[in-house]
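See below for the structure under consideration.
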Amino acid sequence: MTRPLDSGDRLPVLLPLRLHGSERHHRLGAGSGVLLCVGLVLLVSIASAQAGRVTPSVLQVIAKWAPLLLTGFAFNILISALAMLLGTILGLGLGLGLLSDWPPVRQVSWALTQIFRNAPWLVLLFFVMFLVPFQITMFGLRIPFPDWIKATVGFALPVMANVAEVVRGAVRSLPSTQWEAAEALAFTRRQTMWRIILPQCVKRMLPPWMNIYSLVTMSTVLASIVGVSEMLTLTAQVHAAEGGRPELFAPLYGFALLCFFLYCYPINLWTTHLERRFQTG
Amino acid sequence: MQAIPDWFQRLYESTGLNFTVFYDSYDWNRYVDGLKMTLILSVTTILISLVIGAAGALIQSGPSKHLRGLVNGFVVIFRNTPPLVQLFFFYFGLGTMLPATETASGMREPLLNNVEWAIISLSLFAAAFNVEIFRSGIEAVPRTTIEAAEALGYTRFKAYCHIVLPLAIRVCLPALNNNLVNLLKTTTLAYAIAVPETLYALKQIWSESQNVMEMMLLLLATYGILVGVLVWLMHRWERAMHIPGYHR
Chain A
375 MTRPLDSGDR LPVLLPLRLH GSERHHRLGA GSGVLLCVGL VLLVSIASAQ AGRVTPSVLQ
435 VIAKWAPLLL TGFAFNILIS ALAMLLGTIL GLGLGLGLLS DWPPVRQVSW ALTQIFRNAP
495 WLVLLFFVMF LVPFQITMFG LRIPFPDWIK ATVGFALPVM ANVAEVVRGA VRSLPSTQWE
555 AAEALAFTRR QTMWRIILPQ CVKRMLPPWM NIYSLVTMST VLASIVGVSE MLTLTAQVHA
615 AEGGRPELFA PLYGFALLCF FLYCYPINLW TTHLERRFQT G
Chain B
150 MQAIPDWFQR LYESTGLNFT VFYDSYDWNR YVDGLKMTLI LSVTTILISL VIGAAGALIQ
210 SGPSKHLRGL VNGFVVIFRN TPPLVQLFFF YFGLGTMLPA TETASGMREP LLNNVEWAII
270 SLSLFAAAFN VEIFRSGIEA VPRTTIEAAE ALGYTRFKAY CHIVLPLAIR VCLPALNNNL
330 VNLLKTTTLA YAIAVPETLY ALKQIWSESQ NVMEMMLLLL ATYGILVGVL VWLMHRWERA
390 MHIPGYHR
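So the protein lines, in turn, are chains A and B.
Note that the working numbering has the first sequence beginning at 375, numbered continuously upward.
Note that the working numbering has the second sequence beginning at 150, numbered continuously upward.
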């Protein structure tokens with residue numbers, strides 16, 4: 375009466391959530407890639423058709439200013455890399471604080487994590503920009519803080535909180551037998567953490583860590599709001615330098631979108647790839 | 150009620166902590182207006198992004214290859230570009246290309262104002278993430294359930310609305326929760342195109358009253374409370390929709 379279940383058959387039950395489960399989605403195929411490029415060219419040509427003959431065409435304008443804009447973009451990448459470095463170091467400390475044996479340390483770390491995770495990035499950026507002095511005089515030595523360094527610190531704060539959560543999640547996801555085995559081999563708590571637990575966590579932490587990096591890179595444009603001259607600020611200045619023609623807005627911001635897309639999309643693809651590999655392996 | 154303004158006035162005189170918002174009715178009104186704008190932005194963008202997300206997920210599981218590719222491209226582009234640049238692209242780039250009318254005094258009156266552009270841009274940004282979240286939820290719904298619905302004579306759309314989506318939402322609520330909190334935080338970006346939301350209002354207040362520190366603290370507290378309320382609501386919803394016997 376009952377049909378025997380095929381070995382490859384999936385049970386008819388509600389499955390758990392897997393964000394990056396399927397292979398076929400969210401990859402730009404060749405067809406849609408071509409479509410995207412055609413759309414972009416079409417957009418630019420519409421804008422240049424509106425521009426008329428007297429003024430240089432939109433493509434010429436972009437080609438003329440591309441070196442400057444790309445320098446701005448490189449500055450964005452620099453800020454994101456430094457913020458990530460600082461945030462990862464601080465976040466590792468905070469994450470270990472979250473896992474501490476001593477309740478006061480754990481509670482303080484928890485409060486810090488919650489504050490910096492739940493505040494909007496822009497608000498944290500304002501916080502650092504306005505409340506950190508532009509220079510510190512220490513022992514007669516003046517240490518200047520240019521605005522882009524302050525912005526980097528402002529981005530490092532949310533990174534710190536997110537990395538702390540990633541560290542905590544990764545450590546929690548290890549089987550507790552690892553801790554017990556280490557204890558049985560007479561490792562101290564510190565030794566267990568640094569020589570047994572954390573090395574195993576690196577692999578698990580990598581994909582979410584790369585996700586955070588992608589987020590930071592996309593957030594660095596916020597620095598333009600507080601006056602750091604990165605790509606978006608330069609884009610606005612280029613627009614003004616070209617006479618502030620309204621039809622130039624779309625291609626110039628489109629160029630900025632394209633730069634970020636070309637940088638972040640491969641990172642995203644690689645993250646998904648790693649996630650999938652670690653999931654099965 | 151007079152006690153609160155008096156207390157903050159005394160706090161200022163005794164400690165120098167100048168929370169103008171709580172004793173100056175003009176600043177208080179600006180703050181409340183900003184808060185209202187933040188709430189309007191959050192609620193509308195959350196609703197619109199949920200609708201677009203659900204529709205996108207429906208199309209992605211649908212038969213049309215071109216539509217699938219279109220949704221796929223939308224998701225990939227909006228997920229991998231900075232939301233602020235998207236906002237500028239929409240507001241400055243597309244906003245100036247759209248036809249505009251003139252008011253009686255000869256001012257240019259664009260078709261969509263900055264608040265509407267902020268809502269559109271932020272909704273699309275969040276929707277790109279929602280599509281992916283809903284899609285993963287739909288994949289968790291067993292094929293047999295959909296077949297059962299077909300056997301009962303449901304059309305694809307009806308089955309999606311009444312059977313697949315309700316189940317999918319329950320599965321992906323934690324991920325959805327995260328994304329909506331993120332969206333609430335992203336509404337601060339509307340500051341960049343002069344939408345008078347909380348950050349904008351408080352920035353105006355602190356530039357006039359020179360009380361940056363106090364207003365910053367208020368700002369952090371405000372967003373802390375807003376995020377807390379949203380998380381609390383979502384958790385209540387999650388509990389109310391819990392499927393008995395299904396454990397995550």
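Glycine included, C-beta positions come from ideal geometry on N, C-alpha and C.
If you compare alpha carbons, which of A:G465, A:E616, A:F635, A:F652 is closest to I451 (chain A)? Taking the first residue of the first sequence as 1, we reach residue 451 (chain A) at position 77. Nearest C-alpha to I451 (chain A): A:F635.
Less than 7 Å separating the beta-carbons of F241 (chain B) and F623 (chain A)? Your numbering for residue 241 (chain B) matches position 92 in the second sequence. Your numbering for residue 623 (chain A) matches position 249 in the first sequence. It is a contact, given that the beta carbons lie within the stated cut-off.
request  = Compile a chain-ordered list of the residues in the region 155-174 of chain B whose CB is closer than 7 Å to at least one CB of chain A.
outcome  = none
TODO: Closer than 8 Å by beta-carbon distance: list the chain B residues that pair up with N492 (chain A), in chain order.
DONE: Numbered from its first residue, the first sequence carries residue 492 (chain A) at position 118. Result: V330, K334, Y372, G373, V376, G377.
Sufficient close CB pairs (3 or more, under 8 Å) joining the region 176-183 of chain B to the region 249-264 of chain B: no
Query - Chain-ordered neighbours of A334 (chain A) on chain B, where CB pairs are closer than 9 Å - result: Here chain A has residues from 375 to 655 only, and residue 334 (chain A) is not among them.
Which residues bound the beta strand (DSSP E) around E258 (chain B)?
-> Here residue 258 (chain B) refers to the residue found at position 109 of the second sequence. 257-259 is the extent of the beta strand (DSSP E) around E258 (chain B).
Legend entry - Contact list for M592 (chain A) against chain C, beta-carbon separation under 9 Å: The structure shown has no chain C; the protein chains it does contain are A and B.
How far does the beta strand (DSSP E) with A341 (chain B) in it extend, from its first residue to its last? In the second sequence, the residue the question calls residue 341 (chain B) occupies position 192. Segment: none, A341 (chain B) is in no beta strand (DSSP E) and carries neither H nor E.
(message) Rounding to the nearest angstrom, what Cα-Cα distance links T511 (chain A) and I374 (chain B) in this structure?
(response) Counted from its first residue, the first sequence places residue 511 (chain A) at position 137. Counted from its first residue, the second sequence places residue 374 (chain B) at position 225. So the two alpha carbons sit approximately 37 Å from each other.
message: If you measure between the beta carbons of V320 (chain B) and A289 (chain B), is that distance less than 7 Å?
response: Locating residue 320 (chain B) in the second sequence gives position 171, counting from the first residue. Locating residue 289 (chain B) in the second sequence gives position 140, counting from the first residue. In contact: V320 (chain B) and A289 (chain B) (Cβ atoms closer than 7 Å).
Taking any Cβ of chain B, which residues in the region 581-606 of chain A have a Cβ under 9 Å from it, in chain order?
S588, T591, M592, S593, T594, V595, L596, S598, I599, M605, L606
Q) Excluding five sequence neighbours on each side, which residues of the same chain lie with their C-beta closer than 8 Å to the C-beta of L499 (chain A)? A) Looking up residue 499 (chain A) in the first sequence gives position 125. Cβ within range, chain order: A525, G528, F529, L596, A597, I599, V600.
Using 8 Å as the threshold, is the region 264-276 of chain B in touch with the region 173-180 of chain B, meaning 3 or more CB pairs across them? no
Interface partners of A544 (chain A) on chain B, CB under 8 Å
As a working note, residue 544 (chain A) is residue 170 in the first sequence. Chain B residues near A544 (chain A): none, gap ~17 Å exceeds 8 Å.
Considering only C-alpha positions, which residue in the set A:A455, A:S454, A:I489 is nearest to L468 (chain A)? Within the first sequence, numbered from 1, the residue matching residue 468 (chain A) stands at position 94. Considering only alpha carbons, the answer is A:I489.
Could you check whether the region 275-290 of chain B touches the region 214-234 of chain B, counting it as contact only if at least three pairs of C-beta atoms, one from each stretch, sit closer than 8 Å? yes
Report, in whole angstroms, the separation of the C-beta atoms of T187 (chain B) and T336 (chain B), which I expect to be a contact under 8 Å. Here the question's residue 187 (chain B) lines up with position 38 in the second sequence. Here the question's residue 336 (chain B) lines up with position 187 in the second sequence. The pair is a contact, with the Cβ atoms about 6 Å apart (cut-off 8 Å).
| R159 (chain B): first and last residue of the uninterrupted alpha helix (DSSP H) it sits in | The residue you call residue 159 (chain B) lines up with position 10 of the second sequence. It spans 152-164 - the alpha helix (DSSP H) in which R159 (chain B) sits, taken as one unbroken run.
Worksheet entry | Expected contact under 8 Å - CB spacing of L632 (chain A) and H613 (chain A) to nearest Å | Here residue 632 (chain A) refers to the residue found at position 258 when the first sequence is read from its first residue. Here residue 613 (chain A) refers to the residue found at position 239 when the first sequence is read from its first residue. Not really, about 16 Å apart at Cβ, beyond 8 Å.
query = Got a sec? Which residues, its chain only, sit under 6 Å from L325 (chain B) by beta carbon, not counting five neighbours each side?
reply = In the second sequence, the residue the question calls residue 325 (chain B) occupies position 176. If we look at L325 (chain B) and ignore the five residues flanking it on each side, its Cβ neighbours are I282.
Next on the checklist: Between the alpha carbons of L460 (chain A) and A350 (chain B), how many angstroms are there, rounded?
Outcome noted: Residue 460 (chain A) sits at position 86 when you count from the first residue of the first sequence. Residue 350 (chain B) sits at position 201 when you count from the first residue of the second sequence. Cα-Cα distance, rounded: 31 Å.
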